[in-house]
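Number of protein chains: 4
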Amino acid sequence: MAKTRNPIQERGLDTKLRIIEAGFASFSRKGLHGTNSREIAAAAGVSIGTFYTYFKDKRQLFIELIQTHCGKILEVLNTFQVENYQGQEPREVVRTLICAVWALHDSVYPLNQKAMALRQMDPEIDRIIAEQEEAIMRRLMLVLQGVQDKLRVRDMETAAWLVGWIIKEVMFSAHRANLKADNPQLLDELADLVSRYLFA
Amino acid sequence: MAKTRNPIQERGLDTKLRIIEAGFASFSRKGLHGTNSREIAAAAGVSIGTFYTYFKDKRQLFIELIQTHCGKILEVLNTFQVENYQGQEPREVVRTLICAVWALHDSVYPLNQKAMALRQMDPEIDRIIAEQEEAIMRRLMLVLQGVQDKLRVRDMETAAWLVGWIIKEVMFSAHRANLKADNPQLLDELADLVSRYLFA
Amino acid sequence: MAKTRNPIQERGLDTKLRIIEAGFASFSRKGLHGTNSREIAAAAGVSIGTFYTYFKDKRQLFIELIQTHCGKILEVLNTFQVENYQGQEPREVVRTLICAVWALHDSVYPLNQKAMALRQMDPEIDRIIAEQEEAIMRRLMLVLQGVQDKLRVRDMETAAWLVGWIIKEVMFSAHRANLKADNPQLLDELADLVSRYLFA
Amino acid sequence: MAKTRNPIQERGLDTKLRIIEAGFASFSRKGLHGTNSREIAAAAGVSIGTFYTYFKDKRQLFIELIQTHCGKILEVLNTFQVENYQGQEPREVVRTLICAVWALHDSVYPLNQKAMALRQMDPEIDRIIAEQEEAIMRRLMLVLQGVQDKLRVRDMETAAWLVGWIIKEVMFSAHRANLKADNPQLLDELADLVSRYLFA
DNA sequence: TATGAATGAGAATTCATTCAT
DNA sequence: AATGAATGAATTCTCATTCAT
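Residue numbers (the working numbering), protein chains in the order written: chain Y, 1 to 200; chain Z, 1001 to 1200; chain X, 2001 to 2200; chain H, 3001 to 3200.
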């Protein structure tokens, strides 16, 4: 028999969304193991039984969430069309991109941080994140190929990885540190950092 | 009530070291919650009671380990005397530094990753890592001040933070990705990235 | 975090009652520390998890039990209306009262004895018993005030304390000793003791 | 081989005494199960190994202590020679006796309370306390027989039990309650209570 | 005699998950 | 669809006691 329900009626859809939101909040704050299924159900206003009607287990919800949320970085990159920025200074283009990703942080960073720590212990989570990172890298590769003649990097693939990691990790760190003391110069410095690296 | 033992006899010292090593291996692989105290004890070849004689609980051991291991980055930076590199190309100096930190990864990265995910849930862990990051930043500030006239950054403090995070996070990510397919160009690209950012 | 269950369904109510009865039996026989939660659960015919669904911990159940059972002495005193005994010999009234309390012993004494030993170590238990003793004293004060003109005590409050303790402690001791060799004269002697003390 | 040591040298004697005192303090405050052997040893300034050189186990020390301390009530009674009080008012004699026992409380009551709770679970402890209570009763019987012609009790043995319990339990309760608010009238009331019961 | 390191059985407690209603 | 009572495996941690030194 089919285990988890695929909601058809509107009520079911709403219920599932409420669980997803409650799960996002809890997992972001306390991670997979720090959150218990009862409290997700309670926060969603449903019974524990209902939780298990919609999700095979706690981990399944976690995985759906990292797929959704950590995938947002790629979405932003995909939305970003280099062609729209013809004629602009490279540094400004980079800065615009960094700003776009910066906006994601609250909804991506905490969950991402928790997921990263599970990679070594959970092959499926590792695969998901690795695929997301690779997708980001490939997308950045395309972008770099579009401005290939302006680049001064030795190896474009390595450069794409580095820029991807900076976008993810350094911006995340910056974001956390800035929660404490906001530093408006950070985006400018990051734009300098990336554009000086890539462009002559 | 009963405090943890401060080993007096040599035997006790040895036992404590064995537990520390076993804990490092387990925590690095499976994190704080993925590891249970019995298996640390078993791996150290001691009884569970002995484990609790030396450590209040597994979190205490985890904390001692992140203090030791994550502090190694700072040690490397402190060892690094800019004066010894007078007359060398800035990029070469940066590359040397990056290589020195690169060597730490196996003993720092996995544990660091696990600890990072716990920051939001554990104020003490957060404090320890925050202090380590600040110490790294301050050390980098000193280094940058020593070559102040060659720099082209807008704000030295922000630059120190950025370089610190790149050393920690980006190199860690690079290291993990390279476990799969070693990329010899990575250190060169990283050296380019950092030196182009800092120096004209 | 997860609170104890407030049973909604009838099944849950029944389960909670079974745990309470099993706890009473075990605690009465072996005290708080001599009883373990598994055996209460087993005796109640439920799993250990169910036990903890209804009670935060075994101490919580213990406390609920002493509140219920040790409060019975006060209930008996409250039920006892002096007005109903107008014109009877004081000694007979006292004897009737003592008999009423005597009947409680099996359900009060063993648990009470265990609780008494914990007073010094557990402020909450101390508070509960102290409040019960004070309530008994105040009730006895009322009774004594009703027959004030017949009394020959120096200080009515002290007398109320003494009579309360005799009812609790001496009758308890008597009861235990009599488990071994029943002594039918005990109630008579106790009635003499109390009535000669109070009345001329 | 003989397990526990019978100290011969003075040093050993001193060590044993220090353990006994430390055990008395801990057991009085926290009971048998609330005290752990390490803390007794620590308080006595000896190692845990030394503790077990002198006592088979924790319970053995507890038993030695209740034998010593709870036996003090009988000692007081034995010291009390009725012949010395010829010609005095019975109430005054009773009052003198009660005062003598009252003085014991700090060193007897807390431990006694803890021991009482263990009677049902530990036959040896039960036997010891029962023997002490019987000895007290027999001693009181002797006293009562000495003033037999003045008594107005129905059954002298029952009376001896009652007076014994009052001395132990009621005075203990009174003592505890009075730790909070000292009531100088208590001894007088108790003297009234006992003397009115016994004497015409 | 004295020490204190080591032991491990045992107790408390949690929580993901199932299933009868 | 939804509920929430029940389960019990898994884990943490304590402490009485032993024994090699």
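Heads up, the beta-carbon is just placed ideally off N, CA and C, and yes, glycines get one too.
Review point. Using the rule of at least 16 other Cβ atoms within 10 Å of the residue's Cβ for burial, across every protein chain shown, is residue 1192 of chain Z buried or exposed?
Key: In summary, residue 1192 of chain Z is buried, with 16 or more beta-carbon neighbours lying within 10 Å of its beta-carbon over all protein chains present.
Practice item. Count the CB pairs spanning the stretch 1104 to 1122 of chain Z and the stretch 1065 to 1078 of chain Z that are closer than 8 Å, and state whether there are at least three. Key: Yes, the stretch 1104 to 1122 of chain Z is in contact with the stretch 1065 to 1078 of chain Z.
Review point. Who are the near neighbours of residue 3100 of chain H in its chain, counting only those whose CB is closer than 6 Å to its CB and skipping five residues on each side?
Key: The residues are 3076.
Point to revise | For residue 3032 of chain H and residue 3058 of chain H, believed in contact at Cβ under 8 Å, the rounded distance | key: Confirmed, about 7 Å.
Check your understanding: From H:3016, H:3027, H:3015, pick the residue whose C-alpha is nearest to that of residue 2121 of chain X; which is it?
Key -> Per the Cα distances, H:3027.
Check your understanding: By Cβ distance below 6 Å, which residues in the same chain neighbour residue 1091 of chain Z in space, the five residues on each side in sequence not counted?
Key -> Once the five neighbours on either side are set aside, the close Cβ partners of residue 1091 of chain Z are 1191, 1195.
**Study point:** Three-state secondary structure assigned by DSSP to residue 3051 of chain H
**Key:** Helix at residue 3051 of chain H.
Review point. How about residue 1076 of chain Z: is its C-beta nearer than 8 Å to some C-beta of chain Y?
Key: For residue 1076 of chain Z, no Cβ of chain Y is located within less than 8 Å of the residue's own Cβ.
Exercise for review: Report yes if the C-beta of residue 1107 of chain Z is less than 7 Å from at least one heavy atom of the ligand HEM; otherwise report no.
Suggested key: Among the ligands in the structure shown, none appear at all, so the ligand HEM cannot be discussed.
Review point. Quick one: what's got a C-beta closer than 6 Å to residue 3048 of chain H's C-beta in the same chain, skipping five residues either side?
Key: So the list reads 3038, 3041, once near-sequence residues are dropped.
Exercise for review: Spell out the partners DSSP gives residue 199 of chain Y in its beta bridges.
Suggested key: The partner list for residue 199 of chain Y (beta bridge, DSSP) reads Y:151.
Practice item. Check each candidate in Z:1035, Z:1043, Z:1184 and name the one with the smallest Cα separation from residue 1018 of chain Z. Key: The option with the nearest alpha carbon to residue 1018 of chain Z is Z:1043.
Exercise for review: For the alpha helix (DSSP H) containing residue 1065 of chain Z, list its first residue and its last residue.
Suggested key: 1058 to 1070 is the span of the alpha helix (DSSP H), which, as asked, contains residue 1065 of chain Z.
Review point. Could you give the distance in angstroms between the alpha-carbon of residue 2004 of chain X and the alpha-carbon of residue 2022 of chain X?
Key: Distance between residue 2004 of chain X and residue 2022 of chain X, taken at the CA atoms: about 18 Å.
**Study point:** Contact list for residue 3026 of chain H against chain X, beta-carbon separation under 9 Å
**Key:** Result: empty, since nearest Cβ-Cβ is about 11 Å, beyond 9 Å.
Review point. What residue from X:2130, X:2152, X:2118 has the CA that sits closest to residue 2216 of chain X's CA?
Key: For chain X, the structure presents residues 2001 to 2200; residue 2216 of chain X sits outside this window and is missing.
Check your understanding: Which value, in whole angstroms, describes the spacing of the CA atoms of residue 2105 of chain X and residue 2073 of chain X?
Key -> Just so you know, the alpha carbons of residue 2105 of chain X and residue 2073 of chain X end up roughly 9 Å apart.
Review point. What is the rounded straight-line gap between the Cα of residue 2135 of chain X and the Cα of residue 3187 of chain H?
Key: If you take the alpha carbons of residue 2135 of chain X and residue 3187 of chain H, they lie about 23 Å apart.
Review point. Counting contacts by CB-CB distance shorter than 8 Å, is residue 1033 of chain Z in contact with chain Y?
Key: True, the Cβ-Cβ gap to chain Y drops below 8 Å.
Review point. Counting along the chain, where does the alpha helix (DSSP H) carrying residue 3091 of chain H start and finish?
Key: It spans 3090 to 3102 - the alpha helix (DSSP H) in which residue 3091 of chain H sits, taken as one unbroken run.
Check your understanding: How would you list, in chain order, the residues of chain Z whose beta-carbon sits under 8 Å from the beta-carbon of residue 110 of chain Y?
Key -> Listed by position along chain Z, the residues whose Cβ is nearer than 8 Å to that of residue 110 of chain Y are 1120.
Review point. How would you list, in chain order, the residues of chain X whose beta-carbon sits under 7 Å from the beta-carbon of residue 3173 of chain H?
Key: Near residue 3173 of chain H (Cβ distances below 7 Å), the residues of chain X are 2165, 2169.
Check your understanding: Is the number of C-beta pairs between the stretch 3154 to 3163 of chain H and the stretch 2142 to 2159 of chain X that are closer than 8 Å three or more?
Key -> With the cut-off at 8 Å, the stretch 3154 to 3163 of chain H and the stretch 2142 to 2159 of chain X do not touch.
Exercise for review: Quick one: grab the DSSP three-state call for residue 1076 of chain Z.
Suggested key: Residue 1076 of chain Z falls in the helix class under three-state DSSP.
Check your understanding: Would residue 1164 of chain Z be called buried (16 or more neighbouring beta carbons within 10 Å of its own) or exposed?
Key -> So residue 1164 of chain Z counts as buried.
Review point. Of all the options Y:140, Y:171, Y:177, Y:131, which has the alpha carbon lying nearest to the alpha carbon of residue 213 of chain Y?
Key: No answer is possible for residue 213 of chain Y: the residues shown for chain Y start at 1 and end at 200.
Practice item. State yes or no: is the C-beta of residue 143 of chain Y within less than 8 Å of the C-beta of residue 94 of chain Y? Key: The answer is no: Cβ separation not under 8 Å.
Check your understanding: What first and last residue would you give for the alpha helix (DSSP H) that runs through residue 45 of chain Y?
Key -> Unbroken run through residue 45 of chain Y: none, as it is neither H nor E.
Check your understanding: Distance, Cα to Cα, residue 3015 of chain H vs residue 3029 of chain H?
Key -> If you draw a straight line from the Cα of residue 3015 of chain H to the Cα of residue 3029 of chain H, it is about 21 Å long.
Exercise for review: Can you give me the Cβ contacts of residue 1128 of chain Z inside the same chain, cut-off strictly under 7 Å, excluding the 5 residues immediately before and after it?
Suggested key: Within the same chain, and ignoring the five residues on either side of residue 1128 of chain Z in sequence, the residues whose Cβ sits closer than 7 Å to its Cβ are 1063, 1066, 1067.
Practice item. For chain Z, find out if any of its Cβ atoms is closer than 8 Å to the Cβ of residue 185 of chain Y; answer yes or no. Key: Yes - at least one Cβ of chain Z is within 8 Å of the one on residue 185 of chain Y.
Practice item. Find the residues of chain Y that neighbour residue 1158 of chain Z, judging by a C-beta separation of less than 7 Å, and give them in chain order. Key: Within 7 Å Cβ-Cβ: 183, 185, 186, 189.
**Study point:** Short CB-CB distance (under 8 Å) between residue 1155 of chain Z and chain Y
**Key:** Interface residue (Cβ-Cβ distance to chain Y less than 8 Å): residue 1155 of chain Z is classified as such.
Practice item. Step through the CB atoms of chain X and report whether any lies within less than 8 Å of the CB of residue 3002 of chain H. Key: For residue 3002 of chain H, the predicted structure reports a pLDDT of 43, less than 50, and the residue's modelled location is therefore unreliable. The matter cannot be settled from this model.
**Study point:** Alpha-carbon to alpha-carbon, residue 2156 of chain X and residue 3024 of chain H
**Key:** Residue 3024 of chain H and residue 2156 of chain X: Cα-Cα distance of roughly 37 Å.
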